[in-house]
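Using my numbering, you'd call the opening residue of the sequence shown number 2 and step up by one each time.
Ideal Cβ placement from N, Cα and C applies to all residues, glycine included.
On a predicted model such as this, the values are computed, not experimentally measured, just so you know.
Remarks on the structure that follows.
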Amino acid sequence: MCCSPRPPLPEPAMDAVPEPAEATAGRVRLALASDIHYAGPREQARGEDADLLQIPNPIQRAALRCWRHRFWMRHPLGNNALLDRFLEQAVQAECTHAIVNGDYAADTASLGLSDEGTWESACLCVHRLRKVFGDRLRLVIGDHELGKLSFFGHYGGLRLVSWERATKGLGLAPVWAWDLGVYRLIAVTSTLVALPMFRRDMLPEERPLWEHLRRVHLEELAAALQPLAPHRRWILFCHDPTALPFLAELPAVRQHLDQVALTVIGHLHSPLILWKSWLLAGMPRVRRLGVSVERMSGALRQAAVWKQFRVRLCPSLAGIQLERGGGWVELELSPAGDRPFGWRVHKLRRESARVHR
(Lines of atoms letter the chains of each structure in order from A and count residues from 1; the text may use other names and numbers.)
(Lines give C-alpha, C1' and ligand atoms only; values in the text may rest on other atoms or scores of the structure.)
Protein backbone atom coordinates (compact mmCIF):
# COMPACT_ATOMS: atom_id res chain seq x y z
CA MET A 1 0.00 0.00 0.00
CA CYS A 2 1.58 3.25 -1.13
CA CYS A 3 1.52 6.63 0.49
CA SER A 4 0.93 9.78 -1.48
CA PRO A 5 3.93 12.08 -1.93
CA ARG A 6 4.83 14.29 0.96
CA PRO A 7 4.01 17.99 0.61
CA PRO A 8 6.78 20.59 0.44
CA LEU A 9 8.15 21.14 3.93
CA PRO A 10 9.36 24.52 5.21
CA GLU A 11 12.45 24.61 7.35
CA PRO A 12 12.00 25.37 11.06
CA ALA A 13 13.71 28.49 12.36
CA MET A 14 15.65 26.98 15.26
CA ASP A 15 18.91 25.06 15.09
CA ALA A 16 19.28 21.38 15.91
CA VAL A 17 20.12 20.45 19.47
CA PRO A 18 23.83 19.94 20.17
CA GLU A 19 25.37 16.64 21.12
CA PRO A 20 25.28 15.99 24.89
CA ALA A 21 28.28 17.58 26.61
CA GLU A 22 30.63 15.47 28.71
CA ALA A 23 29.86 17.62 31.76
CA THR A 24 26.22 16.56 31.64
CA ALA A 25 26.86 12.94 30.70
CA GLY A 26 25.64 11.81 34.13
CA ARG A 27 22.12 13.07 33.40
CA VAL A 28 19.90 12.74 30.35
CA ARG A 29 17.42 15.53 29.76
CA LEU A 30 14.42 14.66 27.59
CA ALA A 31 11.78 16.99 26.19
CA LEU A 32 8.36 15.33 26.27
CA ALA A 33 5.39 16.61 24.28
CA SER A 34 2.02 15.22 23.30
CA ASP A 35 -1.10 16.08 21.32
CA ILE A 36 0.47 18.75 19.13
CA HIS A 37 -2.49 18.67 16.69
CA TYR A 38 -0.73 20.69 14.00
CA ALA A 39 -3.00 21.88 11.18
CA GLY A 40 -1.44 22.13 7.72
CA PRO A 41 -2.80 24.15 4.78
CA ARG A 42 -5.42 21.61 3.74
CA GLU A 43 -6.88 21.26 7.21
CA GLN A 44 -6.76 25.02 7.70
CA ALA A 45 -8.67 25.49 4.44
CA ARG A 46 -11.53 23.33 5.71
CA GLY A 47 -12.20 25.70 8.59
CA GLU A 48 -12.61 24.82 12.23
CA ASP A 49 -16.36 24.18 11.93
CA ALA A 50 -16.05 21.62 9.12
CA ASP A 51 -16.50 18.68 11.48
CA LEU A 52 -19.52 20.27 13.17
CA LEU A 53 -21.23 20.68 9.80
CA GLN A 54 -21.12 16.90 9.33
CA ILE A 55 -23.44 16.36 12.30
CA PRO A 56 -27.02 16.22 10.93
CA ASN A 57 -28.77 16.50 14.30
CA PRO A 58 -28.96 20.22 15.23
CA ILE A 59 -29.21 19.49 18.96
CA GLN A 60 -26.09 17.33 18.90
CA ARG A 61 -24.32 19.91 16.75
CA ALA A 62 -25.17 22.70 19.19
CA ALA A 63 -24.14 20.57 22.18
CA LEU A 64 -20.73 19.78 20.69
CA ARG A 65 -20.20 23.41 19.69
CA CYS A 66 -20.93 24.46 23.28
CA TRP A 67 -18.57 21.78 24.65
CA ARG A 68 -15.76 22.98 22.42
CA HIS A 69 -16.44 26.67 22.92
CA ARG A 70 -16.64 26.58 26.71
CA PHE A 71 -14.50 23.64 27.77
CA TRP A 72 -12.37 21.78 25.21
CA MET A 73 -10.91 24.05 22.49
CA ARG A 74 -12.68 27.00 20.88
CA HIS A 75 -10.22 27.42 17.98
CA PRO A 76 -8.63 23.98 17.41
CA LEU A 77 -6.78 25.04 14.24
CA GLY A 78 -5.18 28.15 15.72
CA ASN A 79 -2.34 26.66 17.77
CA ASN A 80 0.39 25.90 15.21
CA ALA A 81 2.79 28.47 16.67
CA LEU A 82 3.04 26.42 19.86
CA LEU A 83 5.08 23.75 18.06
CA ASP A 84 7.94 26.13 17.27
CA ARG A 85 7.74 27.64 20.75
CA PHE A 86 8.05 24.17 22.27
CA LEU A 87 11.08 23.39 20.11
CA GLU A 88 12.74 26.71 20.94
CA GLN A 89 12.18 26.22 24.67
CA ALA A 90 13.44 22.63 24.55
CA VAL A 91 16.68 23.76 22.89
CA GLN A 92 17.07 26.59 25.40
CA ALA A 93 16.54 24.11 28.26
CA GLU A 94 19.39 22.01 26.81
CA CYS A 95 17.21 18.97 26.24
CA THR A 96 19.30 16.55 24.22
CA HIS A 97 16.63 13.88 23.65
CA ALA A 98 12.91 14.07 22.92
CA ILE A 99 9.81 11.88 22.91
CA VAL A 100 6.46 12.94 21.49
CA ASN A 101 3.54 10.88 22.74
CA GLY A 102 1.29 10.89 19.67
CA ASP A 103 -1.34 13.00 17.87
CA TYR A 104 0.68 15.12 15.47
CA ALA A 105 -2.16 16.40 13.25
CA ALA A 106 -5.50 18.08 13.88
CA ASP A 107 -7.25 15.17 12.12
CA THR A 108 -10.33 17.19 11.22
CA ALA A 109 -11.78 14.27 9.24
CA SER A 110 -11.28 11.73 12.08
CA LEU A 111 -9.86 9.31 9.49
CA GLY A 112 -6.25 9.44 10.64
CA LEU A 113 -3.46 9.62 8.09
CA SER A 114 -5.65 8.10 5.38
CA ASP A 115 -7.09 11.61 4.99
CA GLU A 116 -4.91 13.80 2.77
CA GLY A 117 -5.22 16.84 5.01
CA THR A 118 -4.25 14.93 8.14
CA TRP A 119 -1.36 13.29 6.28
CA GLU A 120 -0.04 16.68 5.18
CA SER A 121 -0.33 18.10 8.72
CA ALA A 122 1.47 15.13 10.28
CA CYS A 123 4.28 15.31 7.71
CA LEU A 124 4.85 18.98 8.46
CA CYS A 125 4.86 18.39 12.22
CA VAL A 126 7.13 15.34 12.21
CA HIS A 127 9.58 17.04 9.84
CA ARG A 128 10.00 19.93 12.28
CA LEU A 129 10.56 17.56 15.18
CA ARG A 130 13.14 15.47 13.32
CA LYS A 131 14.95 18.56 12.03
CA VAL A 132 15.66 19.64 15.61
CA PHE A 133 16.25 16.34 17.43
CA GLY A 134 17.44 13.98 14.68
CA ASP A 135 18.16 10.44 15.84
CA ARG A 136 17.62 11.40 19.49
CA LEU A 137 13.89 11.66 18.88
CA ARG A 138 11.33 8.90 19.44
CA LEU A 139 7.73 9.17 18.26
CA VAL A 140 4.68 7.34 19.61
CA ILE A 141 1.60 6.49 17.54
CA GLY A 142 -1.52 8.20 18.89
CA ASP A 143 -5.19 7.61 18.14
CA HIS A 144 -5.43 10.48 15.65
CA GLU A 145 -2.71 8.91 13.49
CA LEU A 146 -4.98 5.89 12.93
CA GLY A 147 -8.41 7.53 13.03
CA LYS A 148 -11.49 7.00 15.17
CA LEU A 149 -15.20 7.70 15.07
CA SER A 150 -16.18 11.29 15.74
CA PHE A 151 -17.75 12.42 19.02
CA PHE A 152 -21.27 11.27 18.09
CA GLY A 153 -20.13 8.63 15.59
CA HIS A 154 -21.36 10.30 12.40
CA TYR A 155 -18.07 10.07 10.51
CA GLY A 156 -14.46 8.90 10.79
CA GLY A 157 -12.99 5.61 11.98
CA LEU A 158 -9.94 3.35 11.91
CA ARG A 159 -8.42 2.77 8.49
CA LEU A 160 -5.64 0.40 7.48
CA VAL A 161 -4.35 3.02 5.05
CA SER A 162 -3.66 5.17 8.11
CA TRP A 163 -1.64 2.34 9.65
CA GLU A 164 0.42 1.97 6.48
CA ARG A 165 1.11 5.67 6.28
CA ALA A 166 2.02 5.89 9.97
CA THR A 167 4.42 2.94 9.97
CA LYS A 168 5.84 3.13 6.43
CA GLY A 169 5.22 6.70 5.30
CA LEU A 170 6.21 8.47 8.52
CA GLY A 171 8.36 5.63 9.84
CA LEU A 172 6.64 5.45 13.24
CA ALA A 173 7.45 2.23 15.12
CA PRO A 174 4.37 0.62 16.75
CA VAL A 175 6.54 -0.70 19.60
CA TRP A 176 10.00 0.60 20.41
CA ALA A 177 12.52 0.24 23.22
CA TRP A 178 15.21 2.79 24.04
CA ASP A 179 17.89 1.99 26.62
CA LEU A 180 19.24 4.89 28.69
CA GLY A 181 21.42 3.29 31.35
CA VAL A 182 19.34 1.41 33.91
CA TYR A 183 16.17 2.69 32.27
CA ARG A 184 14.46 0.98 29.37
CA LEU A 185 11.94 3.29 27.73
CA ILE A 186 9.17 1.36 25.97
CA ALA A 187 6.36 2.72 23.80
CA VAL A 188 3.16 1.01 22.69
CA THR A 189 0.37 1.91 20.28
CA SER A 190 -2.58 2.40 22.59
CA THR A 191 -5.24 1.94 19.91
CA LEU A 192 -3.95 -1.55 19.12
CA VAL A 193 -3.68 -2.54 22.77
CA ALA A 194 -7.22 -1.31 23.46
CA LEU A 195 -8.59 -2.52 20.10
CA PRO A 196 -11.66 -4.21 21.68
CA MET A 197 -12.82 -0.70 22.64
CA PHE A 198 -12.62 0.37 18.98
CA ARG A 199 -14.70 -2.42 17.46
CA ARG A 200 -17.29 0.01 16.08
CA ASP A 201 -14.55 2.18 14.55
CA MET A 202 -13.28 -0.56 12.22
CA LEU A 203 -14.59 -1.43 8.77
CA PRO A 204 -15.91 -5.02 8.91
CA GLU A 205 -13.64 -6.13 6.07
CA GLU A 206 -10.56 -4.69 7.84
CA ARG A 207 -11.28 -6.12 11.30
CA PRO A 208 -9.39 -9.45 10.86
CA LEU A 209 -6.19 -7.65 9.87
CA TRP A 210 -6.51 -5.18 12.76
CA GLU A 211 -6.86 -8.11 15.16
CA HIS A 212 -3.79 -9.74 13.61
CA LEU A 213 -1.83 -6.50 14.03
CA ARG A 214 -2.85 -6.44 17.69
CA ARG A 215 -1.60 -9.98 18.29
CA VAL A 216 1.74 -9.15 16.69
CA HIS A 217 1.91 -5.93 18.69
CA LEU A 218 1.45 -7.68 22.03
CA GLU A 219 4.10 -10.25 21.10
CA GLU A 220 6.54 -7.43 20.29
CA LEU A 221 5.80 -5.78 23.64
CA ALA A 222 6.49 -9.04 25.47
CA ALA A 223 9.78 -9.35 23.58
CA ALA A 224 10.75 -5.78 24.57
CA LEU A 225 10.16 -6.60 28.25
CA GLN A 226 11.80 -10.03 28.22
CA PRO A 227 15.45 -8.86 28.62
CA LEU A 228 14.64 -6.51 31.51
CA ALA A 229 16.94 -7.53 34.39
CA PRO A 230 15.62 -7.30 37.98
CA HIS A 231 17.78 -4.26 38.83
CA ARG A 232 16.52 -2.22 35.88
CA ARG A 233 13.48 0.07 35.63
CA TRP A 234 11.24 0.75 32.68
CA ILE A 235 9.28 3.81 31.63
CA LEU A 236 6.17 3.25 29.54
CA PHE A 237 4.90 5.68 26.91
CA CYS A 238 1.25 5.06 26.09
CA HIS A 239 -0.81 7.76 24.38
CA ASP A 240 -4.29 6.78 25.58
CA PRO A 241 -4.65 5.44 29.16
CA THR A 242 -7.63 3.39 27.98
CA ALA A 243 -5.00 0.79 27.03
CA LEU A 244 -3.59 0.39 30.55
CA PRO A 245 -6.18 -2.13 31.88
CA PHE A 246 -5.56 -4.27 28.79
CA LEU A 247 -1.81 -4.11 29.43
CA ALA A 248 -2.34 -5.11 33.05
CA GLU A 249 -3.86 -8.39 31.85
CA LEU A 250 -0.71 -9.41 29.96
CA PRO A 251 1.59 -11.86 31.81
CA ALA A 252 4.73 -10.15 30.48
CA VAL A 253 3.56 -6.80 31.85
CA ARG A 254 2.39 -8.18 35.20
CA GLN A 255 5.77 -9.87 35.65
CA HIS A 256 7.56 -6.50 35.43
CA LEU A 257 4.89 -4.20 36.87
CA ASP A 258 6.86 -3.61 40.07
CA GLN A 259 9.75 -2.30 37.94
CA VAL A 260 7.70 0.47 36.33
CA ALA A 261 9.27 3.79 37.27
CA LEU A 262 6.77 5.89 35.37
CA THR A 263 4.07 5.75 32.71
CA VAL A 264 3.71 8.81 30.51
CA ILE A 265 0.27 9.27 28.97
CA GLY A 266 -1.17 11.92 26.67
CA HIS A 267 -4.64 12.10 25.13
CA LEU A 268 -6.32 13.84 28.09
CA HIS A 269 -4.70 17.21 27.21
CA SER A 270 -4.90 18.65 30.74
CA PRO A 271 -4.11 17.65 34.35
CA LEU A 272 -7.67 18.76 35.11
CA ILE A 273 -9.00 15.90 32.96
CA LEU A 274 -6.65 13.45 34.66
CA TRP A 275 -7.83 14.62 38.08
CA LYS A 276 -11.47 14.18 36.99
CA SER A 277 -10.57 10.69 35.73
CA TRP A 278 -9.28 9.69 39.17
CA LEU A 279 -12.44 11.14 40.70
CA LEU A 280 -14.76 9.21 38.35
CA ALA A 281 -12.84 5.92 38.45
CA GLY A 282 -15.26 2.99 38.61
CA MET A 283 -18.24 4.81 37.09
CA PRO A 284 -20.63 2.74 34.93
CA ARG A 285 -20.43 2.89 31.15
CA VAL A 286 -22.73 5.48 29.57
CA ARG A 287 -24.15 4.21 26.27
CA ARG A 288 -26.62 6.87 25.10
CA LEU A 289 -24.54 10.03 24.70
CA GLY A 290 -22.44 9.18 21.68
CA VAL A 291 -19.42 7.06 20.81
CA SER A 292 -16.85 9.22 22.61
CA VAL A 293 -18.79 9.37 25.89
CA GLU A 294 -19.35 5.61 25.80
CA ARG A 295 -15.65 4.97 25.20
CA MET A 296 -14.49 7.45 27.84
CA SER A 297 -16.90 6.15 30.48
CA GLY A 298 -15.80 2.60 29.68
CA ALA A 299 -12.20 3.64 30.25
CA LEU A 300 -13.06 5.41 33.51
CA ARG A 301 -14.78 2.27 34.76
CA GLN A 302 -11.31 0.70 34.96
CA ALA A 303 -9.29 3.83 35.74
CA ALA A 304 -8.30 2.50 39.17
CA VAL A 305 -5.89 0.20 37.32
CA TRP A 306 -3.95 3.23 36.08
CA LYS A 307 -2.38 3.76 39.51
CA GLN A 308 -0.44 0.50 39.20
CA PHE A 309 1.44 2.07 36.29
CA ARG A 310 2.49 5.23 38.17
CA VAL A 311 0.80 7.46 35.61
CA ARG A 312 1.80 11.02 34.83
CA LEU A 313 0.24 13.15 32.13
CA CYS A 314 2.19 15.01 29.48
CA PRO A 315 -0.24 17.83 28.63
CA SER A 316 -1.05 18.95 25.13
CA LEU A 317 0.82 22.00 23.93
CA ALA A 318 -2.42 24.01 23.82
CA GLY A 319 -4.16 22.60 26.90
CA ILE A 320 -7.95 22.99 27.02
CA GLN A 321 -10.18 26.04 26.63
CA LEU A 322 -10.75 26.37 30.39
CA GLU A 323 -7.03 27.00 30.78
CA ARG A 324 -4.86 29.66 29.19
CA GLY A 325 -2.53 27.13 27.65
CA GLY A 326 -0.84 23.78 27.96
CA GLY A 327 2.80 22.85 28.03
CA TRP A 328 5.51 20.26 27.72
CA VAL A 329 7.60 18.25 30.17
CA GLU A 330 11.31 18.19 30.90
CA LEU A 331 12.19 14.69 32.12
CA GLU A 332 15.64 14.27 33.64
CA LEU A 333 17.05 10.78 34.14
CA SER A 334 20.19 9.48 35.80
CA PRO A 335 21.38 6.57 33.62
CA ALA A 336 23.16 5.14 36.66
CA GLY A 337 19.87 5.10 38.56
CA ASP A 338 21.46 6.74 41.59
CA ARG A 339 18.97 9.64 41.74
CA PRO A 340 15.19 9.98 41.31
CA PHE A 341 13.97 11.18 37.95
CA GLY A 342 13.12 14.87 37.58
CA TRP A 343 9.74 15.99 36.18
CA ARG A 344 9.21 19.64 35.31
CA VAL A 345 6.26 21.04 33.37
CA HIS A 346 6.99 24.07 31.16
CA LYS A 347 3.88 26.15 30.54
CA LEU A 348 2.91 27.43 27.10
CA ARG A 349 0.43 30.26 26.82
CA ARG A 350 -2.13 29.84 24.06
CA GLU A 351 -2.80 32.77 21.75
CA SER A 352 -5.06 31.15 19.19
CA ALA A 353 -7.17 32.97 16.64
CA ARG A 354 -10.19 31.80 14.73
CA VAL A 355 -9.41 30.13 11.40
CA HIS A 356 -11.82 30.95 8.57
CA ARG A 357 -12.41 28.99 5.42
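- Item | Where the beta strand (DSSP E) containing K348 begins and where it ends | Taking the first residue of the sequence shown as 1, we reach residue 348 at position 347. Where K348 is concerned, the enclosing beta strand (DSSP E) stretches over 343–350.
- CB V176 to CB A225, shorter than 8 Å? Numbered from 1 along the sequence shown, position 175 holds the residue referred to as residue 176. Numbered from 1 along the sequence shown, position 224 holds the residue referred to as residue 225. V176 is a Cβ neighbour of A225, given a cutoff of 8 Å.
- Candidates R234, G143, L273, of which the one nearest G338 by Cα: Here residue 338 corresponds to residue number 337 of the sequence shown, with the count starting at 1. Answer by Cα proximity: R234.
- Message: Which of the three DSSP states is assigned to C67 in this structure?
- Response: Position 66 of the sequence shown holds residue 67. Residue state, collapsed to three classes: helix.
- If you count every other CB in all the chains shown that lies within 10 Å of the CB of K149, and 16 or more means buried, which is it? The residue you call residue 149 lines up with position 148 of the sequence shown. So K149 counts as buried.
- Query: To the nearest angstrom, how far is it from the Cα of E49 to the Cα of H232?
  - Reply: Numbered from 1 along the sequence shown, position 48 holds the residue referred to as residue 49. Numbered from 1 along the sequence shown, position 231 holds the residue referred to as residue 232. Whole-angstrom Cα-Cα distance: 50 Å.
- Query: By DSSP, does G338 sit in helix, in strand, or in coil?
  - Reply: Numbered from 1 along the sequence shown, position 337 holds the residue referred to as residue 338. It is coil, neither helix nor strand.
- Message: Among the candidates G328, E44, A91, whose CA atom is the shortest distance from the CA of P272?
- Response: Taking the first residue of the sequence shown as position 1, residue 272 is located at position 271. In terms of CA proximity to P272, G328 leads the group G328, E44, A91.
- Secondary structure, alpha helix (DSSP H): runs of 4+ residues fully inside the segment 218–250: Whole alpha helix (DSSP H) segments, 4+ residues: 245–249.
- Query: For the alpha helix (DSSP H) that W120 lies in, which residues bound it at each end?
  - Reply: In the sequence shown, counting from the first residue as 1, residue 120 sits at position 119. Counted as a single uninterrupted DSSP element, the alpha helix (DSSP H) harbouring W120 occupies residues 117–134.
- Task: Work out the CA separation of H98 and H347 for me, nearest whole Å.
- Result: Translated into positions along the sequence shown, residue 347 becomes position 346. Translated into positions along the sequence shown, residue 98 becomes position 97. Their backbone Cα atoms lie some 16 Å apart in a straight line.
- Task: Answer yes or no: do L171 and E207 have a C-beta to C-beta separation smaller than 8 Å?
- Result: As a working mapping, residue 171 is identified with position 170 in the sequence shown. As a working mapping, residue 207 is identified with position 206 in the sequence shown. 8 Å or more divides the Cβ of L171 from the Cβ of E207.
- Task: Within 10 angstroms of the Cβ of H213, are there 16 or more other Cβ atoms? Answer buried if so, exposed if not.
- Result: Sequence index remark: in the sequence shown, residue 213 carries index 212 (1-based). Exposed: under 16 other Cβ atoms inside 10 Å.
- Supposed close pair A106, N81 - CB separation, criterion 8 Å: Translated into positions along the sequence shown, residue 106 becomes position 105. Translated into positions along the sequence shown, residue 81 becomes position 80. So it is not a contact: roughly 11 Å between Cβ atoms.
- Message: So, for L306: in the same chain, excluding its five sequence neighbours on each side, which residues have a beta-carbon less than 7 Å away from its beta-carbon?
- Response: For the purposes of this step, residue 306 is taken as residue 305 along the sequence shown, with counting starting at 1. Looking at the sequence itself, residue 306 is Val, so the reference to Leu does not match. Short of 7 Å from the beta carbon of V306, and not among the five residues preceding or following it, lie these beta carbons of its own chain, in chain order: L245, P246, A249.
- Check each candidate in F238, V29, R47, R313 and name the one with the smallest Cα separation from L186. Numbered from 1 along the sequence shown, position 185 holds the residue referred to as residue 186. Taking only the C-alpha atoms, the option nearest L186 is F238.
- Task: Look up E89 in the DSSP assignment and say whether it is helix, strand or coil.
- Result: By 1-based counting over the sequence shown, the position of residue 89 is 88. Helix, per DSSP.
- Closer than 7 Å by C-beta to R86: which residues in its own chain qualify, once you throw out the five before and the five after it? Chain order, please. To locate residue 86, count along the sequence shown from 1; it is residue 85. If the five residues before and after R86 are omitted, its C-beta is found closer than 7 Å to the C-beta atoms of L349, all from its own chain and listed in chain order.
- Task: Write down every uninterrupted run of the beta strand (DSSP E) in the segment 302–328 whose length is 3 residues or greater and which is fully enclosed by it, in chain order.
- Result: Runs of the beta strand (DSSP E) inside the segment 302–328: 312–314.
- Exposed or buried, N102, counting other C-beta atoms within 10 Å across all chains shown (16 or more means buried)? By one-based count along the sequence shown, residue 102 stands at place 101. The residue is buried, with at least 16 neighbouring Cβ atoms inside 10 Å.
- Item | Other residues of its chain near E95: CB distance less than 7 Å, five sequence neighbours each side excluded | What you label residue 95 is simply residue 94 of the sequence shown in a count that begins at 1. Counting only residues of its own chain and dropping the five nearest sequence neighbours on each side, E95 has a CB closer than 7 Å to the CB of R30.
- Query: Under 8 Å between the Cβ atoms of R196 and W211?
  - Reply: Mapped onto the sequence shown, residue 196 falls at position 195. Mapped onto the sequence shown, residue 211 falls at position 210. In the sequence under discussion, the amino acid at residue 196 is Leu, which differs from the Arg named in the question. The answer is yes: Cβ separation under 8 Å.
- Query: Considering only residues of the same chain and omitting the five flanking positions on each side of G157, which have a CB-CB separation below 8 Å?
  - Reply: Reading the sequence shown from its first residue, position 156 is the one you call residue 157. A distance below 8 Å between beta-carbons, with the five flanking residues on each side excluded, links G157 to the following residues of its chain, in chain order: A110, S111, L112, G148, K149, L150, S151, D202.
- Identify the residues that DSSP records as bridge partners of G157: which are they? As a first step, residue 157 is located in the sequence shown; it is residue number 156 there, counting from the start. Residue pairing from DSSP places G157 in a beta bridge opposite L150.
- Express the C-alpha separation of L334 and P341 in angstroms, rounding to a whole number. As a first step, residue 341 must be located in the sequence shown, where it is residue number 340. As a first step, residue 334 must be located in the sequence shown, where it is residue number 333. Roughly 7 Å between the two C-alpha positions.
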